[in-house]
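Peer 1:
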Amino acid sequence: MNLSQVYRSTRSSSEDTMSFEEAVMKGLASDGGLFIPSVIPKVPEATLYEKWSTLSFQELALEIMKLYIPETEIPTDDLKKLVDNSYSTFRNSEITPLVKNVTGSEENLHVLELFHGPTYAFKDVALQFVGNLFEYFLQRSNKGLPDDQRKKITVVGATSGDTGSAAIYGLRGKKDVSVFILYPTGRISPIQEEQMTTVQDNNVQTLSVKGTFDNCQDIVKAIFACESFNQKHNVGAVNSINWARILAQITYYFYSYFRATGGKKGAVKFVVPSGNFGDILAGYYAKKMGLDVERLVIATNENDILDRFLKSGLYERSSDAAATLSPAMDILISSNFERLLWYLAREYVAEGDSQKAGLTVNGWFQQLKTGGRFEVPAEVLEGARKDFDSERVSNAETTSTIKEIYEKSQNPKKYIIDPHTAVGIRATIRHLANSDNKEIHYISLSTAHPAKFADAVNEALSGKDGYSFQKDVLPEELRQLSSLPKRIKLVERPDVELVKDVIEESLKEMNI
Ligand SMILES: *Cc1c(COP(=O)(O)O)cnc(C)c1O
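Residue numbering for the sequence shown follows the UniProt record's numbering, starting at 1 and increasing by one per position.
1) Excluding the 5 residues flanking residue 141 on each side, which residues of the same chain have their C-beta closer than 7 Å to its C-beta?
2) Going by alpha carbons, who is nearest to residue 24 out of 121, 42, 120, 36?
3) Go ahead and pull the three-state DSSP assignment for residue 211.
4) List the endpoints of the continuous alpha helix (DSSP H) containing residue 73.
5) What residue range is occupied by the uninterrupted alpha helix (DSSP H) comprising residue 257?
6) Can you tell me whether residue 362 sits near ligand 1, meaning its C-beta is under 7 Å from at least one heavy atom of the ligand?
7) Straight-line CA distance for residue 376 to residue 368?
8) Any chance the CB of residue 162 is under 7 Å from a heavy atom of ligand 1?
9) For the putative contact between residue 67 and residue 80, defined by C-beta atoms under 8 Å, what is the C-beta separation to the nearest angstrom?
10) Counting along the chain, where does the beta strand (DSSP E) carrying residue 158 start and finish?
11) Using a threshold of 7 Å, is the CB atom of residue 276 nearer than that to any non-hydrogen atom of ligand 1?
12) Among 475, 482, 187, 240, whose alpha-carbon lies nearest the alpha-carbon of residue 91?
13) What are the boundary residues of the alpha helix (DSSP H) that residue 124 is part of?
14) My output table needs one value for residue 118: the three-state DSSP class, helix, strand or coil.
15) In angstroms with no decimal places, state the Cα-to-Cα distance between residue 122 and residue 182.
16) Please report the residue range of the alpha helix (DSSP H) in which residue 370 lies.
17) So for residue 18, helix, strand or coil by DSSP?
18) Counting only the same chain and skipping the five closest in sequence on each side, list residues whose C-beta sits under 8 Å from that of residue 222.
19) Measure the Cβ-Cβ separation of residue 115 and residue 447 and say whether it is below 8 Å.
20) Secondary structure at residue 32, three-state DSSP: helix, strand or coil?
21) Express the C-alpha separation of residue 86 and residue 93 in angstroms, rounding to a whole number.
22) Assuming residue 174 and residue 202 form a contact by the criterion Cβ under 8 Å, report the distance between their Cβ atoms to the nearest whole angstrom.
23) Tell me the DSSP bridge mates of residue 300?
24) Which residue spans inside the stretch 401-477 form an unbroken alpha helix (DSSP H) run of at least 4?
25) Indicate, with yes or no, if ligand 1 has a heavy atom lying under 7 Å from the CB of residue 587.
26) Can you look up residue 42 in the DSSP assignment and give me helix, strand or coil?
27) Does the stretch 443-459 come close enough to the stretch 416-432 to have 3 or more Cβ pairs within less than 8 Å?
28) Can you tell which of 442, 184, 154, 288 has the C-alpha that lies nearest to the C-alpha of residue 488?
Listed below in structure tokens is the structure:
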């Protein structure tokens, strides 16, 4: 058994392990923990800088995934097809291209554009793959079964606008999968609504719920908690804690590193706009696999639980999430952070013992649940700081950064960034200013296309000479969405039973 190819829970104090398929299809462990490979595979330096450094994005993805998925679970030929299919929907041949010198003066500031997938945001990199993976596993277990015995999944999720579309585009048209996304009526932007509701696939249904985002989220939680509904419809999620999402994201850390350094070993820092810690956690895996990364810089908005932790060792939930210009990062706790805590607990508290690490993490999360906070020992905090730095960026700085980049850039035309990317770039510029080492490459992750966050971008740029959202920001493909028919069902009250009824009625119509 190869220990990087079996999965354990971050809260388990037993040696029980799961297969990759179980970890992906279950999502969350039954003890409430997250699935992790207890061993992170090491890639020899020669392999990295002599072989991997010249691979295409897809080739690299395959090499990385093979280390975490045994051939007996997914044969390499199948895995290759899954990877190739997943990235065939991207508009850029490099999948995640690196753009250099966006400020006109900082040559070592690179922007990693992660938004060339179907919904123009970074979550596509993972969800295009996860959708195909779900379908692959389901088709394999359903092979030859009569229709009434086939295993089917009903994916249910809530969105405040920015992330629902990535799930829809990941699952559209997939066999034996249906997807229902709830959003608050009138409270998401027109583009976000159009992106989700104009998908015509029979297995996709958006539900516009009269209420708030919190109402939608509470309904989804209640549906997950309802045993009878679950038994009947096998309710699933594609939320940010799924291991396959982290896995798929590891690729662009390697890929962009090699593009920045010319394939050589070099000094690189990644700066990552962070919310649930899924994106940057993939960078941590890349570093532990052997990629020579100097530091991973967590960039938060005003919802700064991660920044506060890195400064104090105290992980403490605030009472309310602030509504910022970068809503995809408006979180109270960072769900994937638990995975990092497990590796830290094992190294600095548990003397390398995985079972003891599970006990430790479990203890911390019990404290979080009852008292809203926990504090880690000093060694754990020091350990975290060996790999991570953090920066908090305010709303005002977010706006001024969009402006500043627009004014300074000439690459070859004005460069316009979205507010999440702006959080990362502000953090990067701060680091650059404080750094004596001018050799370091900074790779600042750009997580969304600016067209997705029109209000924030316009707030920063309207009034600038010659600036036009329609002309400078909005891609033709998104412009056309407004003329397409919409598939929406209206839910008149934020009521669980009402939503369940609509789902059941839709499932009949879908005939899945
Ligand atoms: C989800 C998201 C993020 C945050 O990523 P995490 O993995 O939650 O840290 C940042 N920017 C955008 C645009 C996103 O959609």
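Don't be surprised by glycine CBs; every beta carbon is placed ideally from N, CA and C.
Just so it is clear, the structure is predicted and the values come from calculations on it, not from any experiment.
Peer 2: Concretely, from the data shown:
1) What you label residue 141 is simply residue 141 of the sequence shown in a count that begins at 1. Only 151 meet the Cβ criterion.
2) Residue numbering aside, residue 24 sits at position 24 when the sequence shown is read from its first letter. Measuring from the Cα of residue 24, the nearest candidate turns out to be 36.
3) Numbered from its first residue, the sequence shown carries residue 211 at position 211. Three-state result, residue 211: coil.
4) Stepping through the sequence shown from its first residue, residue 73 is reached at position 73. First-last for residue 73: undefined, no H or E at that position.
5) In the sequence shown, the residue the question calls residue 257 occupies position 257. Note, residue 257: alpha helix (DSSP H), 243-261.
6) Position 362 of the sequence shown, counted from the first residue, corresponds to residue 362. Because no heavy atom of ligand 1 lies under 7 Å away, the Cβ of residue 362 does not count as near it: no.
7) Here residue 376 refers to the residue found at position 376 of the sequence shown. Here residue 368 refers to the residue found at position 368 of the sequence shown. Cα to Cα, residue 376 sits roughly 12 Å from residue 368.
8) In the sequence shown, residue 162 corresponds to position 162, counting from 1. Answer for residue 162: yes, Cβ within range of ligand 1.
9) Here residue 67 refers to the residue found at position 67 when the sequence shown is read from its first residue. Here residue 80 refers to the residue found at position 80 when the sequence shown is read from its first residue. Between residue 80 and residue 67 the Cβ distance is about 15 Å, and since that is not below 8 Å, they are no contact.
10) Locating residue 158 in the sequence shown gives position 158, where the first residue counts as 1. First-last of the beta strand (DSSP E) with residue 158: 153-158.
11) Translated into positions along the sequence shown, residue 276 becomes position 276. Checking the Cβ of residue 276 against ligand 1 gives yes.
12) To locate residue 91, count along the sequence shown from 1; it is residue 91. Ranking 475, 482, 187, 240 by Cα distance to residue 91 puts 475 first.
13) Here the question's residue 124 lines up with position 124 in the sequence shown. Its alpha helix (DSSP H) spans residues 123-142.
14) Counting from one through the sequence shown, the residue named residue 118 turns up at place 118. Under the three-state reduction of DSSP, residue 118 is assigned to coil, being neither helix nor strand.
15) Here residue 122 refers to the residue found at position 122 when the sequence shown is read from its first residue. Here residue 182 refers to the residue found at position 182 when the sequence shown is read from its first residue. Rounded to the nearest angstrom, the two C-alpha atoms are 21 Å apart.
16) Taking the first residue of the sequence shown as 1, we reach residue 370 at position 370. First-last of the alpha helix (DSSP H) with residue 370: 354-371.
17) Residue 18 sits at position 18 when you count from the first residue of the sequence shown. In the structure shown, residue 18 sits in a strand (DSSP, three-state: E or B).
18) As a position in the sequence shown, residue 222 is number 222, starting the count at 1. Correct list, in chain order: 496.
19) Here residue 115 is taken as the residue at index 115 of the sequence shown, counted from 1. Here residue 447 is taken as the residue at index 447 of the sequence shown, counted from 1. For residue 115 and residue 447, yes; Cβs fall inside 8 Å.
20) Start at 1 with the first residue of the sequence shown, and residue 32 comes out as number 32. Coil.
21) Start at 1 with the first residue of the sequence shown, and residue 93 comes out as number 93. Start at 1 with the first residue of the sequence shown, and residue 86 comes out as number 86. Roughly 13 Å between the two C-alpha positions.
22) Position 174 of the sequence shown, counting from 1, holds the residue named residue 174. Position 202 of the sequence shown, counting from 1, holds the residue named residue 202. Wrong, their Cβ atoms sit about 11 Å apart, outside the cutoff.
23) Within the sequence shown, residue 300 is the residue found at index 300, counting from 1. Note: residue 300 sits in a beta bridge opposite 392.
24) The qualifying runs are 419-434, 454-461.
25) The structure shown does not extend to residue 587, since the chain is modelled only from 1 through 512, so no value can be given for it.
26) Position 42 of the sequence shown, counted from the start, is the residue given in the question as residue 42. In this structure, residue 42 counts as coil in the three-state DSSP scheme.
27) The stretch 443-459 makes contact with the stretch 416-432: 3 or more CB pairs, one atom from each, lie closer than 8 Å.
28) The sequence position of residue 488 within the sequence shown is 488, counting from 1. With distances taken between Cα atoms, residue 488 lies closest to 184.
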